[in-house]
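Numbering (our numbering), first residue to last: 11 to 385. Note that CB positions come from ideal geometry on N, CA and C, so glycine has one too. Small disclaimer: the values here were computed from a predicted structure and weren't measured.
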């Protein structure tokens with residue numbers, strides 16, 4: 011089963027990959043970067059010649075060749091491109107053998123995957139209303155990110171901490187003890203402010219605090235870990251198993267926020283999960299934002315023993331048309347069908363109706379003195 015074509019489809023802020031073979035089968039993958047999308051698209055100018063003619067069943071070999079076949083390894087752009095290739099190959103492998111991809115990953119370790127939804131946090135009243143609506147729909151885990159206060163258009167970390175504590179208290183009182191609540195700080199805080207936040211919301215029993223600080227420096231997580239008792243999660247900014255190694259081996263976090271669209275795909279996600287299993291850590295996969303990444307994460311999470319929860323958002327009407335799929339949600343859990351591969355497809359005609367978003371930039375935040383703050 012030789013690779014004959016590698017087609018790239020930039021669709022708004024998403025990047026989809028279609029790998030075709032000489033037996034008239036194809037697999038669909040996602041290489042979305044969540045910003046500066048066209049850098050990934052153009053990475054395939056270099057990667058496509060490496061793939062044409064290769065045996066599509068040699069997934070591990072292709073992963074190693076793309077990753078190690080250049081002096082400059084990894085990084086968010088190349089790892090997102092590699093993720094798109096890897097996910098497409100796993101989809102293709104399932105289709106070629108007539109089985110769902112999770113069967114090829116070791117079979118089901120669980121029947122379904124717990125999902126969580128993000129709650130609006132523009133006002134406390136809207137947060138409570140939206141949170142209660144999601145609970146009524148069957149969701150059991152909510153996530154809030156109420157640290158985006160911009161005083162006079164500027165980010166104030168102290169006010170962000172105070173607002174975050176107030177919102178967490180309000181939501182917990184409104185929904186009671188049972189629902190799990192994830193608190194996301196979106197890497198906006200310094201270690202001292204993160205410590206203050208974590209200790210201030212401990213009484214409200216967060217599932218975990220997500221990205222309280224940037225994830226590049228394990229030493230800073232060691233400082234944070236030493237000063238708070240709440241569970242910690244991070245990882246969506248990390249791109250390979252080596253980036254996770256110190257956080258895992260030092261037991262500096264509890265939940266691995268792997269985004270397989272930035273981390274080399276299902277192949278690397280499975281390895282990171284195994285590393286975490288040794289230290290009793292669980293995956294809480296980050297959601298890149300489309301049904302393709304949802305399906306890929308779902309099949310990975312179904313196959314591993316240490317999955318806690320998966321980020322999820324229902325596909326919009328246009329997105330469901332571009333990427334038809336048959337995974338489904340029931341009572342707050344995600345289920346996979348028994349369709350061959352990942353249970354996804356790509357409507358190329360519909361994809362062309364949604365060209366890439368240019369410029370594709372996240373917000374650029376400033377503090378009151380004009381200095382840059384992480385968004």
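> Pick from 165, 103 and 197: whose alpha carbon is nearest that of residue 376?
Replying inline: Numbered from its first residue, the chain shown carries residue 376 at position 366. The residue with the shortest Cα to Cα distance from residue 376 is 165.
> Would the beta-carbon of residue 334 fall within 9 Å of that of residue 354?
Replying inline: In the chain shown, residue 334 corresponds to position 324, counting from 1. In the chain shown, residue 354 corresponds to position 344, counting from 1. Against a cut-off of 9 Å, the Cβ pair of residue 354 and residue 334 comes out as a contact.
>> Can you list, in chain order, the residues of its chain with a C-beta nearer than 6 Å to that of residue 19? Leave out the 5 residues immediately preceding and following it.
In response: Taking the first residue of the chain shown as 1, we reach residue 19 at position 9. If we look at residue 19 and ignore the five residues flanking it on each side, its Cβ neighbours are 26 and 361.
> Anyone know if the C-beta pair for residue 50 and residue 30 falls short of 9 Å?
Replying inline: Position 40 of the chain shown holds residue 50. Position 20 of the chain shown holds residue 30. For residue 50 and residue 30, no; Cβs fall outside 9 Å.
> Counting pairs of beta carbons, one from the segment 338–352 and one from the segment 107–115, are three or more of them closer than 8 Å?
Replying inline: yes
> Thinking C-alpha only, which one of 185, 189, 230 and 188 is nearest residue 205?
Replying inline: On the chain shown, residue 205 is found 195 positions in, with the first residue counted as 1. The option with the nearest alpha carbon to residue 205 is 230.
> Is the Cβ-Cβ distance between residue 262 and residue 283 less than 9 Å?
Replying inline: Taking the chain shown and counting its residues from 1, one reaches residue 262 at position 252. Taking the chain shown and counting its residues from 1, one reaches residue 283 at position 273. Cβ atoms of residue 262 and residue 283: not closer than 9 Å.
>> Using the three-state DSSP reduction, which class does residue 345 fall into: helix, strand or coil?
In response: In the chain shown, residue 345 corresponds to position 335, counting from 1. Correct three-state label for residue 345: strand.
> Going by beta carbon distance, what residues of the same chain come within less than 8 Å of residue 125, once the five residues before and after it are set aside?
Replying inline: In the chain shown, counting from the first residue as 1, residue 125 sits at position 115. Within the same chain, residue 125 has close Cβ partners 149, 151, 319, 320, 321, 322, 339, 342, 343 and 344.
>> So within the segment 31–67, which uninterrupted alpha helix (DSSP H) runs reach at least 4 residues, ignoring any that extend past its ends?
In response: 47–61
>> Quick check on the DSSP output: what are the complete beta strand (DSSP E) runs of length 3 or more inside the segment 180–242, in order along the chain?
In response: 190–194
>> So residue 219 and residue 240 are supposed to be a Cβ contact under 8 Å. How far apart are they, rounded?
In response: As a first step, residue 219 must be located in the chain shown, where it is residue number 209. As a first step, residue 240 must be located in the chain shown, where it is residue number 230. About 5 Å separates the two Cβ atoms, so the contact holds.
> Which runs of the alpha helix (DSSP H), 4 residues or longer, sit entirely within the segment 80–142?
Replying inline: 86–107 and 111–114
> Counting Cβ pairs closer than 8 Å, one from the segment 240–259 and one from the segment 273–291, do we hit at least three?
Replying inline: yes
>> Report the CB separation of residue 298 from residue 42 in whole angstroms; it is logged as a contact under 8 Å.
In response: Taking the first residue of the chain shown as 1, we reach residue 298 at position 288. Taking the first residue of the chain shown as 1, we reach residue 42 at position 32. So it is a contact: roughly 5 Å between Cβ atoms.
> Nearest to residue 305 by CA position, among 11, 38, 197 and 24, is which residue?
Replying inline: The sequence position of residue 305 within the chain shown is 295, counting from 1. The candidate whose alpha carbon is nearest that of residue 305 is 38.
> Can you tell which of 46, 302 and 384 has the C-alpha that lies nearest to the C-alpha of residue 329?
Replying inline: The count along the chain shown starts at 1 and reaches residue 329 at position 319. Closest by alpha carbon: 302.
> Whole beta strand (DSSP E) runs in the segment 143–167 with 3 or more residues, listed along the chain?
Replying inline: 151–154
>> In whole angstroms, give me the CA-to-CA distance for residue 185 and residue 142.
In response: For the purposes of this step, residue 185 is taken as residue 175 along the chain shown, with counting starting at 1. For the purposes of this step, residue 142 is taken as residue 132 along the chain shown, with counting starting at 1. Roughly 7 Å between the two C-alpha positions.
> Just reading off the alpha helix (DSSP H) that residue 74 is part of, what are its end residues?
Replying inline: Against the chain shown, residue 74 aligns to sequence position 64. 69–78 is the extent of the alpha helix (DSSP H) around residue 74.
>> Relative to the C-alpha of residue 11, which candidate in 63, 225 and 40 has its C-alpha closest?
In response: To locate residue 11, count along the chain shown from 1; it is residue 1. When only C-alpha atoms are compared, the closest one is 63.
> CA-CA distance, residue 178 and residue 132?
Replying inline: Taking the chain shown and counting its residues from 1, one reaches residue 178 at position 168. Taking the chain shown and counting its residues from 1, one reaches residue 132 at position 122. When rounded, the distance between both Cα atoms is 13 Å.
> From this set, 278, 190 and 163, which residue's C-alpha is nearest residue 379's C-alpha?
Replying inline: Within the chain shown, numbered from 1, the residue matching residue 379 stands at position 369. Out of 278, 190 and 163, 163 has the C-alpha closest to the C-alpha of residue 379.
> residue 385 to residue 33, Cα distance in whole Å?
Replying inline: As a working mapping, residue 385 is identified with position 375 in the chain shown. As a working mapping, residue 33 is identified with position 23 in the chain shown. Residue 385 and residue 33: Cα-Cα distance of roughly 46 Å.
> Using CA coordinates, which residue listed in 74, 24 and 104 is at the minimum distance from residue 92?
Replying inline: For the purposes of this step, residue 92 is taken as the residue at position 82 of the chain shown. Comparing Cα positions, the closest option is 74.
> Just the Cα atoms here: how many angstroms apart are residue 213 and residue 136?
Replying inline: Translated into the one-based positions of the chain shown, residue 213 becomes position 203. Translated into the one-based positions of the chain shown, residue 136 becomes position 126. Between residue 213 and residue 136, the C-alpha separation is close to 23 Å.
> Would the beta-carbon of residue 356 fall within 9 Å of that of residue 123?
Replying inline: On the chain shown, residue 356 is found 346 positions in, with the first residue counted as 1. On the chain shown, residue 123 is found 113 positions in, with the first residue counted as 1. No, Cβ-Cβ distance for residue 356 and residue 123 is not below 9 Å.
>> Relative to the C-alpha of residue 258, which candidate in 242, 300 and 270 has its C-alpha closest?
In response: Translated into the one-based positions of the chain shown, residue 258 becomes position 248. Of 242, 300 and 270, the residue nearest in Cα terms is 242.
> Excluding sequence positions up to five away, which residues of its chain have a Cβ less than 8 Å from the Cβ of residue 145?
Replying inline: Within the chain shown, numbered from 1, the residue matching residue 145 stands at position 135. The answer, listed in chain order, is 152, 185 and 189.
>> My output table needs one value for residue 322: the three-state DSSP class, helix, strand or coil.
In response: In the chain shown, the residue the question calls residue 322 occupies position 312. Residue 322: coil per DSSP, three-state reduction.
> So, are the CB atoms of residue 398 and residue 106 less than 9 Å apart?
Replying inline: As displayed, the chain neither begins before 11 nor continues past 385, which places residue 398 out of reach and without an answer.
>> I'd like to confirm something about residue 171: is its beta-carbon nearer than 8 Å to some heavy atom of the ligand GDP, or not?
In response: In the structure shown, the ligand GDP is absent, as is every other ligand, since no ligand is present at all.
> Smallest Cα separation from residue 244: which of 90, 48 and 196?
Replying inline: As a working note, residue 244 is residue 234 in the chain shown. Measuring from the Cα of residue 244, the nearest candidate turns out to be 196.
>> Let me confirm a value: residue 80 is counted as buried when at least 16 other C-beta atoms fall within 10 Å, else exposed. Which label applies?
In response: Reading the chain shown from its first residue, position 70 is the one you call residue 80. By the 10 Å Cβ count, residue 80 comes out exposed.
> Count the other CB atoms within 10 Å of the CB of residue 288; is the residue buried (16 or more) or exposed (fewer)?
Replying inline: Indexing the chain shown from 1 puts residue 288 at position 278. With fewer than 16 other Cβ atoms within 10 Å, it is exposed.
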